[in-house]
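All residue numbers for the sequence shown refer to the working numbering, where the first residue is 3 and numbers rise by one.
C-beta atoms are modelled at their ideal positions from N, C-alpha and C, and glycine is treated no differently.
None of the values given here were measured: they were computed from a predicted structure.
One structure is given here, and the rest of the page talks about it.
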Amino acid sequence: MKTVFQWLRTVCGYYRAQGKLLALDLTTVVARAGARLLIPAVALHVFQVSLPAGDLRATGWCALLFALLAVGAAALEWCGTICGQWLGFRIEAALRADFFDHLQRLPFAFFDRTKTGEVLSRVTSDLRMVGSTAHLLPEALLEISLTLIGAFAFMFWINPTLAAFTLIPVPFILFFAGCFQKRIHQVWRENRHEAAAFAAHVENAVQGIREIKSFTGEARARRAFRHANARFRRSFEKVSALYAPLFSGTQLLLEGYSLLYIALGAWLVARDSATLAQVFAFFMYSRYVTAPMLRIVGFLDLFQQGLVGFRRFQEFVAQPPEDDPADDAAPLGPVRGEIRLENLRFRYPGAARDVLDIPALTLPAGSVCALVGPSGGGKSTLAALIPRFYAPTAGRILLDGRDTATIPKRDLRAAIGIVAQRPFLFDGTVRDNLLLGRPGATDAELWAALESANLAPAIRARSEGLDTPVGEHGLRLSGGQAQRLAIARVFLKNPPILILDEATSALDTFAEAAVQEALARLSAGRTTLIIAHRLTTIRHATQICYLEDGRIVESGTPADLLARKGKFHALLALANLTPEDITS
């Protein structure tokens, strides 16, 4: 019940934003219900007054009124359908906008543990159910209430005795439908969980289609898909297995209800307590009792779907957004680029030990620091702490002497450019991806960035130029071109601090050479942190830190570390490189 009130309180805010459309929708509901309720009253007048009196003129006028009411009700149905659907679509769109706004504020930890398909399922099918319920809730409640109250009011006016008897089964029908609601909510919740899992499975299979084909894993992928598909299908079968007795039982009760008032009507006519005209009018009004009853059952189903969707939406928006205590702090101002770490420790949530433990480290402004060492040593984690994608467990990171925890995240991240090993390119054009670096940049500035990244000739060779589609994840570009497009994006951003996270490790020798030249140009005059597995990428480094198990075990200039003949020297030998390979 608490969830229902939360749902109503939340959706009322969206109703207020669409007040005019909601008012128009409800007005058509009232008018439509009134028109339909008058139709049996007109028929009663014809059979009980006009025809027995032989008044054909009055009968003709009643027939015209009957037709006008029917046409009017149909026109109001058309208008109400449009208004109601538009209301639902707009509420759904507003919910999606709020969902996406909240998504943008969530911390990286949320995305570390949440599947993409789960998010897509919540923002599409779950909110579709919420939007449908939101638009049907007010009009269904109003129309059902008006129709039932109006129908019974007319029935009591026509014949109170027959009306009183036909009112008796109604609570039992509603009680029968209500008995299923808890289980309905449960099966729809299971269904939405399976829908999210199925969406995640399909999304994973599509993204991994190259790996599936390269490993000739199509048969295994088909088996896995059939398993996920079967689970999804069975969740719907559970729903239908529950609805079969609900709808058939309700239909049986309503048929019994119809037989009841027919039998009662015949008995009352035989006792001269009712006329045939009254029984005929009751028969017409019975549609306005049985139809709302069936609609109540159907609406309860839809309401449970909407309630499940809302609970999943609520679970999502209850995720705490990325906290920024420094949001109202003084802006960052000009940045020189000195980075200093003091007693820095970091542990992932739920982990048993720290993955980083760095007592002290300083990167002078404009320096190039390379982080090397075995995989899992904490290099990428350290890079993620500098822009505050994660918060240190202990200690602090200072930028130009100011604790980054006191710098607004927007300002801090604006001062940092990141080029990742596998850069993410949006499914758009070259222009779209470049403008992420500097919205509003001119075409001349875009071409200049491409020139700096050694990509301009390849883009000019394409007929679409800046409007060349890059495909999903940049699949229409080669690996080197995608990497250089990401570099051009950072050129446009022009940050004083640069983080290169294994930016060439996935490239071939020729692509690496072009990217290395672009990176050297990009790094000039900027504080640069290089995470390197391929040691040829660190030849411009002024400082090298060897990380192992989250600790810096060696640190100094390349010449210093080579002279020590320690771990870095051994790593160089392991890579079959000579000191000249990284210092030339």
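Short check: CB of leucine 148 to CB of alanine 33, under 7 Å?
The Cβ atoms of leucine 148 and alanine 33 do not sit closer than 7 Å to each other.
Can you tell me whether cysteine 27 is buried or exposed, with buried defined as 16 or more other CB within 10 angstroms of its CB?
Strictly speaking, residue 27 in this sequence is aspartate, with cysteine absent from that position. Classification of aspartate 27: buried, given that the 10 Å Cβ count is 16 or more.
In the DSSP assignment, find the alpha helix (DSSP H) that holds glycine 251 and state where it starts and stops.
Per DSSP, the unbroken alpha helix (DSSP H) holding glycine 251 starts and ends at 220 to 272.
Alpha-carbon to alpha-carbon, serine 480 and alanine 460
Taking the straight line from one Cα to the other gives about 11 Å.
Give the straight-line distance between the Cα atoms of leucine 573 and serine 377, rounded to the nearest whole angstrom.
Between leucine 573 and serine 377, the C-alpha separation is close to 12 Å.
Alpha carbon to alpha carbon, how far is glutamine 545 from threonine 530? Give it in angstroms, no decimals.
Between the alpha carbons of threonine 530 and glutamine 545 lies a gap of roughly 10 Å.
Of the residues Leu524, Gly473, Pro560 and Leu309, which one's Cα is nearest the Cα of arginine 486?
Measuring C-alpha to C-alpha distances from arginine 486 to each of Leu524, Gly473, Pro560 and Leu309 identifies Leu524 as the nearest.
Spatial neighbours of phenylalanine 154 within its chain, please: CB distance less than 7 Å, with the 5 preceding and 5 following residues excluded, ordered by chain position.
Answer for phenylalanine 154: Ala165 and Leu169, listed in chain order.
Using 8 Å for Cβ pairs, my map puts proline 410 next to alanine 331. What's the rounded Cβ distance?
Contact between proline 410 and alanine 331 holds, with the beta-carbon distance rounding to 6 Å and staying under 8 Å.
According to DSSP, is threonine 431 part of a helix, a strand, or is it coil?
In the structure shown, threonine 431 adopts extended strand secondary structure according to DSSP, grouped into three states.
Between which two residues does the alpha helix (DSSP H) containing threonine 135 stretch?
129 to 160 is the span of the alpha helix (DSSP H), which, as asked, contains threonine 135.
According to the Cβ coordinates, are arginine 462 and threonine 470 closer than 7 Å?
If you check the CB distance, arginine 462 and threonine 470 do not come in under 7 Å.
For glutamate 145 and alanine 25, what's the separation of their Cα atoms in angstroms?
If I take the Cα positions, the gap works out to 14 Å.
Got a sec, what are the start and stop residues for the beta strand (DSSP E) isoleucine 186 sits in?
Boundaries around isoleucine 186 are those of the alpha helix (DSSP H), 183 to 209, since no beta strand (DSSP E) includes it.
Secondary structure of tyrosine 548, DSSP reduced to three states
The answer is strand: DSSP assigns tyrosine 548 an E or B state.
Can you round the beta-carbon distance between isoleucine 418 and proline 497 to whole angstroms, since I take them to be within the 8 Å contact cut?
About 5 Å separates the beta carbon of isoleucine 418 from that of proline 497, a gap short enough to meet the 8 Å contact definition.
Leaving out five residues on either side along the sequence, give the residues of the same chain with a beta carbon under 6 Å from the beta carbon of methionine 131.
Excluding positions up to five away in sequence, the list reads Gln307, Gly308 and Gly311.
DSSP state of proline 42 mapped onto helix, strand, coil
Proline 42: helix per DSSP, three-state reduction.
Who pairs with arginine 398 in a beta bridge, going by DSSP?
DSSP lists Glu344 as partners of arginine 398.
With 16 as the cutoff for other CB atoms within 10 Å, does glycine 552 come out buried or exposed?
Buried, because 16 or more other Cβ atoms sit within 10 Å of the Cβ of glycine 552.
Taking 7 Å as the cut-off, decide whether the C-beta atoms of alanine 207 and alanine 223 are in contact.
Contact annotation: alanine 207 and alanine 223 have beta-carbon atoms nearer than 7 Å.
Counterpart residues of glutamate 556 in DSSP-defined beta bridges:
Tyr548, per the DSSP bridge assignment.
Between which residues of its own chain and leucine 343 is the CB-CB distance below 6 Å, once the five residues before and five after are set aside?
So the list reads Ile360, Leu363 and Ile399, once near-sequence residues are dropped.
Are there 16 or more other CB atoms within 10 angstroms of the CB of glutamine 106, so buried, or fewer, so exposed?
Under a 10 Å Cβ-count criterion, glutamine 106 is classified as exposed, with fewer than 16 other Cβ atoms of the shown protein chains found around its own Cβ.
The region 189 to 205 in contact with the region 255 to 268 per 3-pair CB rule at 8 Å:
No contact exists between the region 189 to 205 and the region 255 to 268.
What residue does the beta strand (DSSP E) around isoleucine 501 start on, and which one ends it?
Annotation: the continuous beta strand (DSSP E) that includes isoleucine 501 extends over 499 to 503.
beta-carbon threonine 218 near the ligand COA non-hydrogen atom, thresh 6 Å
By its list of ligands, the structure shown contains no ligand whatsoever, and the ligand COA lies outside what it can speak to.
At what residue ranges does the region 292 to 344 contain a whole run of the alpha helix (DSSP H), taking only runs of 4 or more?
The qualifying runs do not exist here; there are none.
Enumerate, from N- to C-terminal direction, the unbroken beta strand (DSSP E) stretches of 3 or more residues contained entirely within the region 445 to 503.
List check, beta strand (DSSP E) in window: 499 to 503.
Per DSSP, which residues does alanine 362 bridge with? Please list them.
Paired residue(s): Glu344.
Sheet register partners of aspartate 405 (DSSP bridge):
According to DSSP, aspartate 405 bridges with Leu400.
Going by other Cβ atoms of all chains shown within 10 Å of its Cβ, with 16 needed for buried, is phenylalanine 318 buried or exposed?
Around the C-beta of phenylalanine 318, 16 or more other C-beta atoms lie within 10 Å, and the residue is accordingly described as buried.
Scan the region 78 to 130 and note each continuous alpha helix (DSSP H) run of 4 residues or more that stays entirely inside, going in chain order.
Within the region 78 to 130, the complete alpha helix (DSSP H) runs of at least 4 residues are 110 to 115 and 118 to 123.
Candidates Trp269, Thr118 and Ser52, of which the one nearest threonine 61 by Cα
For the residues Trp269, Thr118 and Ser52, the minimum Cα distance to threonine 61 belongs to Ser52.
Quick check on isoleucine 170: does DSSP put it in helix, strand or coil?
It is coil, neither helix nor strand.
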